[in-house]
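Just so you know, we're using the working numbering here: the sequence shown kicks off at 14 and counts up by one.
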Amino acid sequence: MSDGSERLHLPVLEAPVRRRHPEWIRATLPSKPAYFEVRNMVRELKLNTVCESASCPNIGECWTRRALTIMILGDICTRSCRFCDVPTGRPLPADPDEPRRVAEMLGRLSLEHTVITCVDRDDLPDFGAAHWAETIRRVKEACPQMTLEILAGDFKGKTEHVDIVLDADPDVFAHNLETVPRLSRQVRVQASYPRSYKILEHARKRDAVTKTGLMLGLGETREEVEAVLTELAGLGVDIVTLGQYLAPSKSHLPIERYVHPTEFAELEQFALAAGITHVVAGPLVRSSYHADGQAALVRDLRAAKGLAPIS
Ligand code: SF4
14 MSDGSERLHL PVLEAPVRRR HPEWIRATLP SKPAYFEVRN MVRELKLNTV
64 CESASCPNIG ECWTRRALTI MILGDICTRS CRFCDVPTGR PLPADPDEPR
114 RVAEMLGRLS LEHTVITCVD RDDLPDFGAA HWAETIRRVK EACPQMTLEI
164 LAGDFKGKTE HVDIVLDADP DVFAHNLETV PRLSRQVRVQ ASYPRSYKIL
214 EHARKRDAVT KTGLMLGLGE TREEVEAVLT ELAGLGVDIV TLGQYLAPSK
264 SHLPIERYVH PTEFAELEQF ALAAGITHVV AGPLVRSSYH ADGQAALVRD
314 LRAAKGLAPI S
C-alpha cells in the first residue's frame, strides 16, 4: 500500500558505465511541510547538515520525520575521502557561537534522539575536540530528555582528544570504519583502519555506548565484511550499520557492486549471531538512518553499562 509519498529513482553519476540504480534503491521526494520547516530552520540558524553536504539520498524521508544530522565545525573538510561529497579545502576558524545555535535548533525540534557529526579539522590543534565538548554540553542543557549520538572523526588517533569529547558524555559515541581493512587507504586517503579501530577500542574501554558503520559495494568480499563484523562483536561495539555505497559523482570512487537486500539481511543476521546488540542493514542505510527511533535502545544500553540515566 502506498504511504502517499512520491518516489523517484536516483540519478546514477558514476563512471564509466551509465546505468540506473536497481529498483530497490529509491528516494522519497521532499514534499511535506515538515521537510521545509527543517530546511528553513537550518538556514535561519546558519547551520550545516551532512544530509545536504553529503547529498544523502534519504533527505526527503528523514527531514519529513524531522530527523536530521547537523554537521559542526564548518562545511569544508580537511580530508579528501574518495566516497564523500563534502568539499575539501581550508576551513574557516571554528565558530564559537555554533554550539548555541545547534542547541537552539534541537531544542525547537523536540526530538527523542539525534545525531551530530562534523567535518574533519586536522588544521586545529585539538582537531575540534573542545568545540565538540561545548556543543554536547549545550545540547544536553537544552534537550535533557533527548539521547544524543555523536559521529566523530578519528582525531588522528590521539586518545587524549577523544577523552575531551567522551568527558562531555554523549549518549552514543560513533566512529565509522567505512570499509574493510584492505580498502581503507584507498577509500579514506588520510585515515586508516587500525587508527579507526583504536578510537572505537578506546571508547569501549571508557564504557561508552559505541557505534560504527560500513559501506558495501566498494569491492570488498563477503568474507572480509564478516571478518570485520566478528572483530567488532569481539570488541563489544554495540551498534553497527551496513549500507550501499552510492557514488556522489563521476570523480568519486565507482560503485563496484550493488548488494542485494537479501544479502544485507543475511549480513544483519550474521552480525547479530556474532553478538552485536543492534544492527541496521539495507541499501539506503547510512550511519544516522533511522537513528531517531533508537532512543529506547540507547537508554537500555546505557543502563546495561551502569551509565547515568537520561532524565
Ligand atoms: S540518513 Fe542521516 S544523513 Fe541521510 S538524510 Fe537521514 S539523517 Fe541525514
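All residues carry an ideal CB built from backbone N, CA and C; glycine is no exception. All of these numbers come straight from a predicted model, not from anything done at the bench.
Give the DSSP bridge partners of Met228, in chain order. Within the sequence shown, residue 228 is the residue found at index 215, counting from 1. Answer by DSSP bridge pairing, in chain order: Gly256.
Spatial distance of Pro261 from Asp182 (CA atoms): As a position in the sequence shown, residue 261 is number 248, starting the count at 1. As a position in the sequence shown, residue 182 is number 169, starting the count at 1. In a straight line, the C-alpha of Pro261 is about 34 Å away from that of Asp182.
Leaving out five residues before and five after Leu58 in sequence, what residues of the same chain have Cβ atoms less than 7 Å from its Cβ? Counted from its first residue, the sequence shown places residue 58 at position 45. Excluding residues within five positions, the ones whose Cβ falls inside 7 Å are Arg114, Glu117, Met118.
Can you find at least 3 beta carbon pairs, one from the region 281-289 and one from the region 243-258, that sit closer than 8 Å? yes
Contact the region 206-213 vs the region 59-79: 3+ CB pairs below 8 Å: no
Helix, strand or coil, according to DSSP, for Ile289 in the structure here? Numbered from 1 along the sequence shown, position 276 holds the residue referred to as residue 289. In this structure, Ile289 counts as coil in the three-state DSSP scheme.
For Asn71, which of helix, strand or coil comes out of DSSP? Taking the first residue of the sequence shown as position 1, residue 71 is located at position 58. Three-state result, Asn71: coil.
Does the Cβ of Leu81 lie closer than 7 Å to at least one heavy atom of the ligand SF4? Translated into positions along the sequence shown, residue 81 becomes position 68. Under cutoff, so the answer is yes.
Do you know offhand how far Gly319's Cα is from Val185's? For this step, residue 319 is matched to residue 306 along the sequence shown. For this step, residue 185 is matched to residue 172 along the sequence shown. Between Gly319 and Val185, the C-alpha separation is close to 14 Å.
Taking contact to mean 3 or more Cβ pairs, one atom from each stretch, closer than 8 Å, check whether the region 214-225 and the region 164-177 are in contact. yes
Helix, strand or coil for Glu279 per DSSP? In the sequence shown, the residue the question calls residue 279 occupies position 266. Three-state result, Glu279: helix.
Consult DSSP for Val55 and reduce its assignment to one of helix, strand or coil. Residue 55 sits at position 42 when you count from the first residue of the sequence shown. It is helical.
If contacts are defined as beta-carbon pairs under 8 Å, then Gly120 and Cys156 qualify, I think. What distance do you get, rounded to the angstrom? Here residue 120 refers to the residue found at position 107 when the sequence shown is read from its first residue. Here residue 156 refers to the residue found at position 143 when the sequence shown is read from its first residue. Right, their Cβ atoms sit about 6 Å apart.
Near the ligand SF4: Tyr302 beta-carbon under 7 Å from a heavy atom: For the purposes of this step, residue 302 is identified with residue 289 of the sequence shown, where counting begins at 1. Checking the Cβ of Tyr302 against the ligand SF4 gives yes.
Does the distance between the C-beta of Arg299 and the nearest non-hydrogen atom of the ligand SF4 fall short of 7 Å? Mapped onto the sequence shown, residue 299 falls at position 286. Yes; taking the cut-off as 7 Å, the Cβ of Arg299 has a heavy atom of the ligand SF4 nearer than that.
Local conformation of Cys90 per DSSP, three classes: As a first step, residue 90 must be located in the sequence shown, where it is residue number 77. Of the three classes helix, strand and coil, the one that applies to Cys90 here is strand, per DSSP.
Could you name the residues of the same chain whose beta carbon sits closer than 7 Å to that of Thr192, not counting the 5 residues immediately before and after it, in chain order? Within the sequence shown, residue 192 is the residue found at index 179, counting from 1. Excluding sequence neighbours, Thr192 sits near Val200, Leu227, Met228, Leu231, Glu233.
Identity of the residues DSSP links to Glu162 by a beta bridge: Your numbering for residue 162 matches position 149 in the sequence shown. Looking at the DSSP assignment, Glu162 forms a beta bridge with Val128, Val185.
Taking 7 Å as the line, does the beta carbon of Ile72 fall inside it for any heavy atom of the ligand SF4? Working through the sequence shown from its first residue, we reach residue 72 at position 59. Yes, Cβ of Ile72 sits closer than 7 Å to a heavy atom of the ligand SF4.
Could you tell me whether the Cβ atoms of Gly87 and Asp133 are closer together than 8 Å? Your numbering for residue 87 matches position 74 in the sequence shown. Your numbering for residue 133 matches position 120 in the sequence shown. No; because the gap between Cβ atoms is not below 8 Å, this pair is not in contact.
Taking 7 Å as the line, does the beta carbon of Cys69 fall inside it for any heavy atom of the ligand SF4? Translated into the one-based positions of the sequence shown, residue 69 becomes position 56. Under cutoff, so the answer is yes.
Is the CB-CB distance between Cys131 and Ile85 below 8 Å? Within the sequence shown, residue 131 is the residue found at index 118, counting from 1. Within the sequence shown, residue 85 is the residue found at index 72, counting from 1. In contact: Cys131 and Ile85 (Cβ atoms closer than 8 Å).
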